[in-house]
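Read through the structure below, which is laid out as structure tokens, and then see the notes.
In full-length UniProt numbering, the protein residues as written are 1 to 187.
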């Protein structure tokens with residue numbers, strides 16, 4: 001008796017499948033193409049949404065600030081947040097810009113806040129995403145030239161313009177938006 005060679009029953013099935021539509025990893029090719037088209041369209045829609053969400057077009061009459069280093073609002077004031085405060089203080093120290101006090105009494109404001117330091121630099125700013133009008137007071141025990149030359153830690157306080165008005169109805173905590181220390185590099 002001669003051994004019977006086994007025939008591959010799947011050989012004919014493969015030939016039949018090859019003549020019809022193919023499959024990739026068991027997924028029919030038309031279904032795979034449709035899934036790729038849907039994924040591409042979804043990607044384009046998400047990219048368009050991201051572009052709209054990050055555009056710098058003005059909303060509601062206010063200018064948006066869309067960079068990490070802050071920027072200027074329509075009034076020309078620097079727009080700062082907690083994350084951009086250090087950069088703004090460093091810029092003020094480096095440039096040595098001092099704004100005139102106008103109607104804001106910074107010395108009285110620091111006294112009301114219970115801060116014994118002297119003011120090194122101050123700037124009118126817009127605070128946060130709401131662009132609240134405020135004053136950035138940079139103060140400390142060392143003078144500005146020593147700070148520029150050596151760097152170090154300096155105190156910064158952001159207050160509302162009502163600070164320093166000697167109005168006894170206003171609690172000093174209500175006019176303080178932010179207070180803390182900022183590390184400054186040497187020039």
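No residue lacks a Cβ here, since even glycine has one placed at the ideal position from N, Cα and C.
If only uninterrupted beta strand (DSSP E) runs of at least 3 residues are considered, those enclosed by the stretch 141-186 are 152-159, 176-184. Contact between residue 121 and residue 80 fails: their C-beta atoms lie close to 14 Å from each other, not under 8 Å. Under the Cβ criterion (8 Å, minimum of three pairs), the stretch 36-55 does not count as touching the stretch 135-147. Judged by their CB atoms, residue 133 and residue 172 are not nearer to each other than the 8 Å cut-off. DSSP places residue 120 outside any alpha helix (DSSP H); the residue lies instead in the beta strand (DSSP E), whose first and last residues are 118-127. Beta-bridge pairing by DSSP links residue 72 to 78.
Judged by DSSP in its simplified three-state form, residue 25 adopts coil rather than helix or strand.
Rounded to whole angstroms, residue 151 and residue 118 show a C-alpha spacing of 17 Å.
186 is the residue among 26, 186, 108, 110 whose C-alpha sits nearest the C-alpha of residue 149.
Between residue 131 and residue 78 the beta-carbon gap is near 10 Å, outside 8 Å, which marks them as no contact. If you ignore the 5 residues before and after residue 54, its C-beta comes within less than 6 Å of no other C-beta in its own chain. One alpha carbon belongs to residue 177, the other to residue 95, and they sit about 24 Å apart.
No Cβ-Cβ contact shorter than 8 Å links residue 138 with residue 115.
About 4 Å separates the beta carbons of residue 179 and residue 157, which is inside the 8 Å limit, making them a contact pair.
Residue pairing for residue 132: DSSP places it in a beta bridge opposite 127.
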